[in-house]
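Here is the structure we will look at.
Protein chains: 2
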Amino acid sequence: MPKKLSINPREFDLIQTIRAQGEVTKADLVKNTPFSRSKINGCIHGLLKKGYIQEIGPGEYTGGRRSKTFSLNGDFGLVAGVDIGATSIDLVISDTASLPLARGSESSNVREGPRVILGRVVELISRMLVEKGLSPELLYGIGVGVPGPVDFSQGKLVSPPIMPGWDSFPIIQTLQDCFPTAQVVVDNDVNVMALGEVSQGIGKGIRNLIFVKIGTGIGAGIVSNGAIYRGTNGCAGDIGHICVKKDGPVCPCGNIGCLEAMAAGPAIGERGIQAALDGKSAVLMKYYQAAEGKLRAEDVGDAAREGDPIAIEIIRESGQMIGDVLAGLVNFFNPGMIVIGGGVSAIGNLLLSSIRQAVLKRSLPLSTRDLQIVFSAIGPDAGVTGAVNLALDKMFEGELTGTHS
Amino acid sequence: MPKKLSINPREFDLIQTIRAQGEVTKADLVKNTPFSRSKINGCIHGLLKKGYIQEIGPGEYTGGRRSKTFSLNGDFGLVAGVDIGATSIDLVISDTASLPLARGSESSNVREGPRVILGRVVELISRMLVEKGLSPELLYGIGVGVPGPVDFSQGKLVSPPIMPGWDSFPIIQTLQDCFPTAQVVVDNDVNVMALGEVSQGIGKGIRNLIFVKIGTGIGAGIVSNGAIYRGTNGCAGDIGHICVKKDGPVCPCGNIGCLEAMAAGPAIGERGIQAALDGKSAVLMKYYQAAEGKLRAEDVGDAAREGDPIAIEIIRESGQMIGDVLAGLVNFFNPGMIVIGGGVSAIGNLLLSSIRQAVLKRSLPLSTRDLQIVFSAIGPDAGVTGAVNLALDKMFEGELTGTHS
Numbered sequence: 000m001p002k003k004l005s006i007n008p009r010e011f012d013l014i015q016t017i018r019a020q021g022e023v024t025k026a027d028l029v030k031n032t033p034f035s036r037s038k039i040n041g042c043i044h045g046l047l048k049k050g051y052i053q054e055i056g057p058g059e060y061t062g063g064r065r066s067k068t069f070s071l072n073g074d075f076g077l078v079a080g081v082d083i084g085a086t087s088i089d090l091v092i093s094d095t096a097s098l099p100l101a102r103g104s105e106s107s108n109v110r111e112g113p114r115v116i117l118g119r120v121v122e123l124i125s126r127m128l129v130e131k132g133l134s135p136e137l138l139y140g141i142g143v144g145v146p147g148p149v150d151f152s153q154g155k156l157v158s159p160p161i162m163p164g165w166d167s168f169p170i171i172q173t174l175q176d177c178f179p180t181a182q183v184v185v186d187n188d189v190n191v192m193a194l195g196e197v198s199q200g201i202g203k204g205i206r207n208l209i210f211v212k213i214g215t216g217i218g219a220g221i222v223s224n225g226a227i228y229r230g231t232n233g234c235a236g237d238i239g240h241i242c243v244k245k246d247g248p249v250c251p252c253g254n255i256g257c258l259e260a261m262a263a264g265p266a267i268g269e270r271g272i273q274a275a276l277d278g279k280s281a282v283l284m285k286y287y288q289a290a291e292g293k294l295r296a297e298d299v300g301d302a303a304r305e306g307d308p309i310a311i312e313i314i315r316e317s318g319q320m321i322g323d324v325l326a327g328l329v330n331f332f333n334p335g336m337i338v339i340g341g342g343v344s345a346i347g348n349l350l351l352s353s354i355r356q357a358v359l360k361r362s363l364p365l366s367t368r369d370l371q372i373v374f375s376a377i378g379p380d381a382g383v384t385g386a387v388n389l390a391l392d393k394m395f396e397g398e399l400t401g402t403h404s
Numbered sequence: 000m001p002k003k004l005s006i007n008p009r010e011f012d013l014i015q016t017i018r019a020q021g022e023v024t025k026a027d028l029v030k031n032t033p034f035s036r037s038k039i040n041g042c043i044h045g046l047l048k049k050g051y052i053q054e055i056g057p058g059e060y061t062g063g064r065r066s067k068t069f070s071l072n073g074d075f076g077l078v079a080g081v082d083i084g085a086t087s088i089d090l091v092i093s094d095t096a097s098l099p100l101a102r103g104s105e106s107s108n109v110r111e112g113p114r115v116i117l118g119r120v121v122e123l124i125s126r127m128l129v130e131k132g133l134s135p136e137l138l139y140g141i142g143v144g145v146p147g148p149v150d151f152s153q154g155k156l157v158s159p160p161i162m163p164g165w166d167s168f169p170i171i172q173t174l175q176d177c178f179p180t181a182q183v184v185v186d187n188d189v190n191v192m193a194l195g196e197v198s199q200g201i202g203k204g205i206r207n208l209i210f211v212k213i214g215t216g217i218g219a220g221i222v223s224n225g226a227i228y229r230g231t232n233g234c235a236g237d238i239g240h241i242c243v244k245k246d247g248p249v250c251p252c253g254n255i256g257c258l259e260a261m262a263a264g265p266a267i268g269e270r271g272i273q274a275a276l277d278g279k280s281a282v283l284m285k286y287y288q289a290a291e292g293k294l295r296a297e298d299v300g301d302a303a304r305e306g307d308p309i310a311i312e313i314i315r316e317s318g319q320m321i322g323d324v325l326a327g328l329v330n331f332f333n334p335g336m337i338v339i340g341g342g343v344s345a346i347g348n349l350l351l352s353s354i355r356q357a358v359l360k361r362s363l364p365l366s367t368r369d370l371q372i373v374f375s376a377i378g379p380d381a382g383v384t385g386a387v388n389l390a391l392d393k394m395f396e397g398e399l400t401g402t403h404s
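As given, the protein sequences belong to chains W and C, one line each in that order. Using numbering that gives the first Met the number 0, the first residue of the first sequence is number 0, and each one after it goes up by one. Using numbering that gives the first Met the number 0, the first residue of the second sequence is number 0, and each one after it goes up by one.
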């Protein structure tokens, strides 16, 4: 049976405040929660006794009596964050104050199926624990991001297009059999990355955020009022199949002119190849030949950085199409920040500025007044960071104690 | 000073459950809240004593001891819901169990400015109270919907395009000066209508919903996880200016091919006039002449119902453009329901089926699996119903008692 924290709703609220702020004084808690000082004293006493938080000395002197400062107690236990990509597995083992203690990463192929990949995950977590001299029984949670649509309540993939064998596979059960003390949570990779950005990335503290992953496909993770928004069937954020061109190419989804088919990595690469073969760009031809008849979006990005006008135009068009779609979503959702991540974001500022321009041109002034459109600052770490926080979220939910006192 | 309920967080949770379900037994509360039976007993005792709820006899017999049944106590007090439209004021005075006690409605012109319109609102509320023999001191809240962008935290309009004199006008202050016991809440009309649909309309119980108002303009109210979602600057849902045609007409907002400029009431009317003048439709010409050189969207709808192929085509095109935009939003937001309201929805099923077709064609299968696209069932009452519930929401928030017990 997984270990669960015993935590009541008021303690939960305090823990969430402490998690958001890192370190807090009692004065902060009085200010930022609806509870009286005496109730807060009681809660802090209980949380210290249970070992969930620790006292870390007096806060900064601001006149008057110094207020005691508290933070999460990292020594309390461990969680693991697992980011399963199409071609890689990334892992972090972190303490319960979200300090990373061990990292692992290796290439893999998600098409090998859940038994192979999850077996590898179990092996890697176990080896990392042994290497750091940590007991697997200290594991309170494992957060897992997977590159496909997830039924979050079940923790299972739903007809994932690139993951044969994973449909409805019991991921939670499989990992829990090997790490019985841990609660396991599974979510879509883009949701997990969005969570990484708002918990420890550039979006920290932003209440409403859209994380856009641009890679082989295009997808979004949505944060609404500070929490991952998954929608009615758990498939919110599937922006890759919004139409951008009514007479565009047919997408594998069966529709015409989908954003993903027009502007994601493969489309950028293909347009680059076409320009090379048409003799329009010697620079693109150089990259094309160097890669022996292949061209990645990143190569087109490199050609653009060399000043090749055709490559620049291809990147600009792609950024504009993505920006046009985001402009509509900005009008609808009025987010405080859009974070751009995923492999294709390596192309850099030309892509970002094209996206920005399109959004600013087409969105209403009020909805862009405070809007930031930025690259992820944690980049490839967004996935594992989010997965760690997914596990911590689950852990600190605790066992519902059924009372408010 | 406005009267505020004294209510603690646990009581608040119980009240919200009772509001959502109408009547509940203790057994329901034990099942649907995280609280123990003894805590629930304590809360119910307190809520009965304060008069916020009432006992209405034993529940249905299901074997075993009959469980007592509780509902809100309508005799406790009153709230008013006010729906200020561009050309009308609608009002409802309701008891605190949301039973309407008096209704009022009259034409007006919002351009006459806030002093005239709010003065009229005060007069109408006062007269309705007198006619029903109700004391103004029983008013706990007034909810107000206005046809423009609102800074919700301030309760003020922000540069409303069709409302000269209303920019930043202190609506809350003005109404509170006349009804000092009432807390006043002001929101955008479309948000208020969305609230009406999820609290007492066709969307009752739906957690994620988009309400689309199609009239002179096109706007959306968003319900996310059961609550109105307003976005970072309070302007979420502004879907009327999403681009549907890159070489479309210039919209008053300055952009090109906005949904509103292409598919709202005036665009439908203008296309009808054009078809009539071009001699393409004798039926449309008939309506055009009958209205002395005018044509409303509803007239084009009537012509379509008579079987006029040109009118049918105009409505279909409009529905398809609206549906194309909604398809993208369905992929992004994955709502459980889209409710279509506003004056142009009177056109009826041809419009609705065109919208549905476009959404089903362009959205992903998983996101439309459980999606309902329906007309508002409370129609023109969505505004006042939502305004009453806005006031009740504020009232039952109560005064933060600062404790959980």
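Every residue gets a Cβ at the ideal spot worked out from N, C-alpha and C, and that includes glycine.
Residue i versus residue j: straight-line alpha-carbon distance, rounded
{"i": "W:P160", "j": "W:G341", "result": "18 Å"}
{"i": "W:R119", "j": "W:P113", "result": "10 Å"}
{"i": "C:S223", "j": "W:F210", "result": "18 Å"}
{"i": "C:S362", "j": "C:V324", "result": "10 Å"}
{"i": "C:V183", "j": "C:I55", "result": "30 Å"}
{"i": "C:S125", "j": "C:N388", "result": "20 Å"}
{"i": "C:L100", "j": "C:G214", "result": "29 Å"}
{"i": "W:A96", "j": "W:V23", "result": "14 Å"}
{"i": "C:E105", "j": "C:I92", "result": "15 Å"}
{"i": "W:S198", "j": "W:A275", "result": "43 Å"}
{"i": "C:Q175", "j": "C:L117", "result": "11 Å"}
{"i": "C:N40", "j": "W:G378", "result": "51 Å"}
{"i": "W:S317", "j": "W:I267", "result": "7 Å"}
{"i": "W:P248", "j": "W:G216", "result": "15 Å"}
{"i": "C:T384", "j": "C:M192", "result": "7 Å"}
{"i": "C:L123", "j": "C:E196", "result": "25 Å"}
{"i": "W:K38", "j": "C:G225", "result": "29 Å"}
{"i": "C:V109", "j": "C:G164", "result": "10 Å"}
{"i": "W:S280", "j": "W:F395", "result": "55 Å"}
{"i": "W:K245", "j": "W:S134", "result": "57 Å"}
{"i": "C:I88", "j": "C:L365", "result": "41 Å"}
Chain C residues whose Cβ lies nearer than 8 Å to that of residue i
{"i": "W:P334", "result": "G230, T231"}
{"i": "W:G457", "result": "Since the first residue of chain W shown is 0 and the last is 404, residue 457 of chain W is not available in this structure."}
{"i": "W:C252", "result": "L363"}
Residues bridged to residue i (per DSSP)
{"i": "C:N232", "result": "Answer is none; C:N232 lacks a bridge partner."}
{"i": "C:I171", "result": "None, per the DSSP bridge assignment."}
{"i": "C:T180", "result": "In the DSSP output, where bridge partners are listed per residue, C:T180 has none listed."}
{"i": "W:R102", "result": "W:V91"}
{"i": "W:A79", "result": "W:I92, W:I141"}
{"i": "C:M336", "result": "C:L208, C:Q371"}
{"i": "C:A219", "result": "C:V211"}
{"i": "W:E398", "result": "W:S5"}
Short Cβ contact (9 Å threshold) for residue i with residue j
{"i": "W:G84", "j": "W:P148", "result": "no"}
{"i": "W:V78", "j": "W:G142", "result": "yes"}
{"i": "C:A303", "j": "C:I321", "result": "no"}
{"i": "W:G132", "j": "W:M336", "result": "no"}
{"i": "W:P1", "j": "W:Y139", "result": "yes"}
{"i": "W:V373", "j": "W:L350", "result": "no"}
Residue i: contacting residues in chain W (beta-carbon distance under 7 Å)
{"i": "C:H44", "result": "Per Cβ cutoff of 7 Å: no residues; C:H44 is ~16 Å from chain W at best."}
{"i": "C:A357", "result": "Ordered by position in chain W, no residue passes the 7 Å Cβ test against C:A357, which lies about 10 Å from the chain."}
{"i": "C:N207", "result": "G230, T231"}
Chain C residues whose Cβ lies nearer than 9 Å to that of residue i
{"i": "W:C459", "result": "The question about residue 459 of chain W has no answer, for chain W in this structure spans 0 to 404."}
{"i": "W:L365", "result": "P148, V157, S158, N232, G233, C234, D237"}
{"i": "W:A219", "result": "F331"}
Neighbour list for residue i in chain C, Cβ cutoff strictly below 7 Å
{"i": "W:R368", "result": "N232"}
{"i": "W:S223", "result": "S223, Y228"}
Legend entry - chain C contacts made by the stretch 180-201 of chain W, where a contact means CB separation under 9 Å: none
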